[in-house]
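Residue numbering for the sequence shown is 1 to 183, as defined by UniProt numbering.
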Amino acid sequence: MGRKLQYHERKLLKKHDFMHYEREDEDREREIMRRYHVLSAKEYIMYRRAVGTITKLADRLRKLPQDDVVRLDQTTKLMRRLYDMGLVARRNDGLLAASAVNSSAFCRRRLPVVMVTLKMCQTNEDATRLVEQGHVRVGPKVITDPAFLVSRSSETQVMWVDNSKLRRAVKEYRGELDDFDML
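Below, the structure written as C-alpha cells:
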C-alpha cells in the first residue's frame, strides 16, 4: 500500500479528494467530439461557454417576477434567437428550454452535420472533408470551415458549389444533368 505519509504530506493532501477528478467529464466530451467530428477541443470549449452564457441568462431571467416587462421582452428575444439558430425546437418553449440547451445542440448545427441530415453525405467525416476541400456553399458564399454554424433560415441554402465534380456526379446520377452543365 505504500509508506505512511509524513506530517507535512498529510497536511498538504488533507483537502485533496483522490476519488473525484476535475476532468471526469472528459469521456463524455470525447464522445460528443467523435460523434459530430469536432476537430479541435477549442471549438467544443467555445460551445460549452456559449451554453453557460445562455443558461446563466435564462436563470437570471427566471428569477425575475413572471409579469415583469423586462423578463417578458428579454425572454421572447432570447427564445427567438435560439429558435432562429436552431438550438430549440419551438419558439414558445420558454426559459426551461433555453436552460436545457447543451453543447450537442451547437454541434448539430455545424455545417457537416447539417449536410448529413440533408442527405448530402453519409458520414460526418466525409462531410467535414468535403467542406474543407471547398465543395459546399451556403447561399453564394463558399464555406471551407467545418465549424460554420448553419442557422435555420440558411439551412435550405446549403448546396454544392457550381463547378464541383460532386454536384455534376449527383446530377448525372439523378438524370438531371443538362447539356449546359457539361461545359
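Just so it is clear, CB atoms sit at the ideal spot from N, CA and C, and this is done for glycine as well.
Selection Asn124, Asp179, Lys165, Arg110 evaluated against Ser151 yields Arg110 as nearest (Cα-Cα). In the three-state DSSP reduction, Lys141 falls in the strand class (E or B). Using a Cβ-Cβ distance cut-off of 8 Å, the stretch 144-160 and the stretch 70-88 are in contact, since at least three pairs of beta carbons, one from each stretch, lie closer than that value. Between Tyr44 and Glu31, the gap from beta carbon to beta carbon reaches 9 Å or more. A distance below 7 Å between beta-carbons, with the five flanking residues on each side excluded, links Ser164 to the following residues of its chain, in chain order: His135. Per DSSP, the unbroken alpha helix (DSSP H) holding Val51 starts and ends at 41-63.
By alpha-carbon distance to Gln74, the top candidate from Arg129, Asp162, Ile54 is Ile54. Ranking His37, Ser154, Asp93, Arg35 by CA distance to the CA of Gly139 puts Ser154 first. Phe180 sits exposed, since fewer than 16 C-beta atoms from the chains shown fall within 10 Å of its C-beta. Judged by their CB atoms, Val158 and Met120 are nearer to each other than the 9 Å cut-off. It is roughly 13 Å from the alpha-carbon of Lys63 to the alpha-carbon of Ser99.
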